[in-house]
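A.B. asks: If you scroll down you'll find the structure; I have some questions about it.
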Amino acid sequence: MGILNLGNNPCSLESKALIDQEISYEIEMNDTPRVLSIQSHVVSGYVGNKSATLPLQLLGFDVDVINSVQFSNHTGYKVTKGPILSDTDLDELIQGLAINGLDTYSHLLTGYIGSPQVLNRIASLVSDLKSKNPHLIYVCDPVMGDNGKLYVRSELLPIYKELVTIADIITPNQFEVELLTDKKVSTIEDAWDAIDILHQRGCKTVVISSTEFGNDDYLVAMASSHADGHRRALTINIPKLPTSFTGTGDLFAALILAWMHKTNNLKSALENSINTLQAVLKKTWDYAKAVGDSRHNMELKLVQSKNLIENPQRVVFAVDVNKS
Ligand SMILES: Nc1ncnc2c1ncn2[C@@H]1O[C@H](COP(=O)(O)OP(=O)(O)O)[C@@H](O)[C@H]1O
Ligand SMILES: Cc1ncc(COP(=O)(O)O)c(CN)c1O
1 MGILNLGNNP CSLESKALID QEISYEIEMN DTPRVLSIQS HVVSGYVGNK SATLPLQLLG
61 FDVDVINSVQ FSNHTGYKVT KGPILSDTDL DELIQGLAIN GLDTYSHLLT GYIGSPQVLN
121 RIASLVSDLK SKNPHLIYVC DPVMGDNGKL YVRSELLPIY KELVTIADII TPNQFEVELL
181 TDKKVSTIED AWDAIDILHQ RGCKTVVISS TEFGNDDYLV AMASSHADGH RRALTINIPK
241 LPTSFTGTGD LFAALILAWM HKTNNLKSAL ENSINTLQAV LKKTWDYAKA VGDSRHNMEL
301 KLVQSKNLIE NPQRVVFAVD VNKS
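Note that the UniProt record's numbering gives residue 295 to position 295 of the sequence shown, counting from 1, and the numbers run on in steps of one.
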């Protein structure tokens, strides 16, 4: 806006300062990370892209959104209605972006995808986007189900088993780890074994959003990465709220993406993500307790948590685990 006022005396010191300021804004804009996020959209509530977009934007990302479904609400309500994106719809959107030169991204994030045909397109999309930006990070949240129940079609599983091998970061929950590895995960050692299987298949960073091994007080999130021949393995205990939420996995994947980019440090990324989630969930649960815990009242209180997302307060901390 300074530039518009420069007409009269473009050589003055003041105007030069304004021009310098404009240039630095422009550089900042060019440096802004750009995420292509392919997940569900819900008209009402906060899952999928509705859960991921605002936090990514608040943390400084431009977010380009493709809605894999447009549902009235998440699948936990009495009914869920709305259209599912087809593979030809996806192809058209990607083509439009490519023709206009809009397909250079720093990150690709995929979450809830309702159709096997669309999920089948993601591997080639990853390689196309990596040909535009070889440094692109692909974060795959293999959204399939929770607590032993699938909430997507079972044909998605074999496709995810392939897809996670080309992802840079994956963020499954405990049930999804079991599905991906065909391995029952009943103890923390089972979980480390499953993580090793996923590393052996090619995934560099595995973050399990939560595990539960019979402890009523804590969930445990686990993170492990192999980078430049160096292994880092972490766990973090999460005080458990006595209820269940929806959209938390989607928020978690978005936060991990954002904080990995901002800190380039698995421990900080895990701590910031978990602490943000705890603050958002506490706000959500306090509200639901006060007004009644209907599905609608249990939707994440994201908008109300703007400051907590921007400035996570670290209350719980990750610990290193010795793994070779
Ligand atoms: N009942 C709960 N109490 C405390 N934190 C929770 C609870 N449910 C979810 N979370 C938080 O949300 C994150 C993601 O939840 P999770 O259930 O693992 O994902 P998903 O929705 O994919 O199943 C966890 O890491 C945890 O921080
Ligand atoms: C449309 C939709 N999108 C995404 C999700 C995933 O939610 P969560 O983050 O809790 O795994 C759900 C949960 N059933 C859903 O119904």
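We treat Cβ as the ideally placed atom computed from N, Cα and C, and that holds for glycine.
Output the distance between the C-alpha atoms of Leu179 and Val47, rounded to the nearest integer angstrom.
C.D. replies: Start at 1 with the first residue of the sequence shown, and residue 179 comes out as number 179. Start at 1 with the first residue of the sequence shown, and residue 47 comes out as number 47. Taking the straight line from one Cα to the other gives about 22 Å.
A.B. asks: Look up Tyr218 in the DSSP assignment and give the residues it is bridged to.
C.D. replies: Your numbering for residue 218 matches position 218 in the sequence shown. Paired residue(s): Pro239.
A.B. asks: Run through the DSSP bridge pairs and tell me what Ile137 is partnered with.
C.D. replies: What you label residue 137 is simply residue 137 of the sequence shown in a count that begins at 1. For Ile137, which the question treats as bridged, DSSP gives the partners His107.
A.B. asks: At 4 residues or longer, what runs of the alpha helix (DSSP H) sit wholly inside the segment 37-107?
C.D. replies: 48-58, 87-99, all fully within the segment 37-107.
A.B. asks: Heavy atom of ligand 1 less than 6 Å from the Cβ of Ile170, yes or no?
C.D. replies: For this step, residue 170 is matched to residue 170 along the sequence shown. Ile170 Cβ: outside cutoff for every heavy atom of ligand 1.
A.B. asks: Short of 7 Å in beta carbon distance, which residues of its chain neighbour Asn5, apart from the five on each side in sequence? Order them along the chain.
C.D. replies: Residue mapping note: residue 5 aligns to position 5 of the sequence shown, counting from 1. In this predicted model, Asn5 has a pLDDT of only 45, less than 50, meaning its place in the structure is not dependable; the value taken from the coordinates is given anyway. Same-chain partners within the cutoff: there are none.
A.B. asks: In angstroms, rounded to a whole number, what distance separates the CA positions of Ser244 and Ile99?
C.D. replies: Within the sequence shown, residue 244 is the residue found at index 244, counting from 1. Within the sequence shown, residue 99 is the residue found at index 99, counting from 1. Cα-Cα distance, rounded: 43 Å.
A.B. asks: Counting only the same chain and skipping the five closest in sequence on each side, list residues whose C-beta sits under 7 Å from that of Asn8.
C.D. replies: Position 8 of the sequence shown, counted from the start, is the residue given in the question as residue 8. In this predicted model, Asn8 has a pLDDT of only 47, less than 50, meaning its place in the structure is not dependable; the value taken from the coordinates is given anyway. Cβ neighbours of Asn8 beyond the five flanking positions: none.
A.B. asks: Which residues in the same chain as Glu310 place their Cβ atom closer than 8 Å to its Cβ, once the five residues preceding and following it in sequence are excluded?
C.D. replies: Here residue 310 refers to the residue found at position 310 when the sequence shown is read from its first residue. For Glu310, where only same-chain residues beyond five positions count, the Cβ hits under 8 Å are Leu58, Leu59.
A.B. asks: How close, in whole Å, do the beta carbons of Ile170 and Cys140 come, if the pair is a contact with beta carbons under 8 Å?
C.D. replies: If you number the sequence shown from 1, residue 170 lands on position 170. If you number the sequence shown from 1, residue 140 lands on position 140. So it is a contact: roughly 5 Å between Cβ atoms.
A.B. asks: Should Thr248 be listed as close to ligand 1, given that the test is whether its C-beta is under 6 Å from any heavy atom?
C.D. replies: By 1-based counting over the sequence shown, the position of residue 248 is 248. The answer is yes for Thr248.
A.B. asks: Measuring from the CB of Gly145, is there a heavy atom of ligand 2 at a distance below 6 Å?
C.D. replies: The sequence position of residue 145 within the sequence shown is 145, counting from 1. No, Cβ of Gly145 sits at least 6 Å from all heavy atoms of ligand 2.
A.B. asks: Name the one or two DSSP bridge partners that Ala288 has.
C.D. replies: Mapped onto the sequence shown, residue 288 falls at position 288. In DSSP, Ala288 forms no bridge with anything.
A.B. asks: Could you check what DSSP says for Gly249 in three-state terms: helix, strand or coil?
C.D. replies: Looking up residue 249 in the sequence shown gives position 249. Three-state result, Gly249: helix.
A.B. asks: In angstroms with no decimal places, state the Cα-to-Cα distance between Leu93 and Glu14.
C.D. replies: If you number the sequence shown from 1, residue 93 lands on position 93. If you number the sequence shown from 1, residue 14 lands on position 14. The alpha-carbon atoms of Leu93 and Glu14 are separated by roughly 45 Å.
A.B. asks: Distance check for Val118 and Asp87, CA to CA, integer angstroms please.
C.D. replies: Indexing the sequence shown from 1 puts residue 87 at position 87. Indexing the sequence shown from 1 puts residue 118 at position 118. So the two alpha carbons sit approximately 5 Å from each other.
A.B. asks: Hey, could you find the ends of the beta strand (DSSP E) Ser209 is sitting in?
C.D. replies: For the purposes of this step, residue 209 is identified with residue 209 of the sequence shown, where counting begins at 1. It spans 205-211 - the beta strand (DSSP E) in which Ser209 sits, taken as one unbroken run.
A.B. asks: Under the criterion of a Cβ to heavy atom distance below 6 Å, does Lys240 qualify as lining ligand 1?
C.D. replies: The residue labelled residue 240 in the question sits at position 240 within the sequence shown. Yes; taking the cut-off as 6 Å, the Cβ of Lys240 has a heavy atom of ligand 1 nearer than that.
A.B. asks: Can you tell me which of the three DSSP states Ala167 falls into?
C.D. replies: Taking the first residue of the sequence shown as position 1, residue 167 is located at position 167. It is coil, neither helix nor strand.
A.B. asks: Please confirm whether Lys323 and Ala221 have their CB atoms less than 7 Å apart.
C.D. replies: As a first step, residue 323 is located in the sequence shown; it is residue number 323 there, counting from the start. As a first step, residue 221 is located in the sequence shown; it is residue number 221 there, counting from the start. No, the pair does not count as a contact, with Cβ atoms beyond the cut-off.
A.B. asks: Rounded to whole angstroms, what's the CA-CA distance from Ile238 to Gly249? Just pull it up for me.
C.D. replies: The residue you call residue 238 lines up with position 238 of the sequence shown. The residue you call residue 249 lines up with position 249 of the sequence shown. Rounded to whole angstroms, Ile238 to Gly249 spans 14 Å at the Cα level.
A.B. asks: Quick check: the Cα distance between Leu302 and Gln174, rounded to an integer number of angstroms?
C.D. replies: Translated into positions along the sequence shown, residue 302 becomes position 302. Translated into positions along the sequence shown, residue 174 becomes position 174. So the two alpha carbons sit approximately 24 Å from each other.
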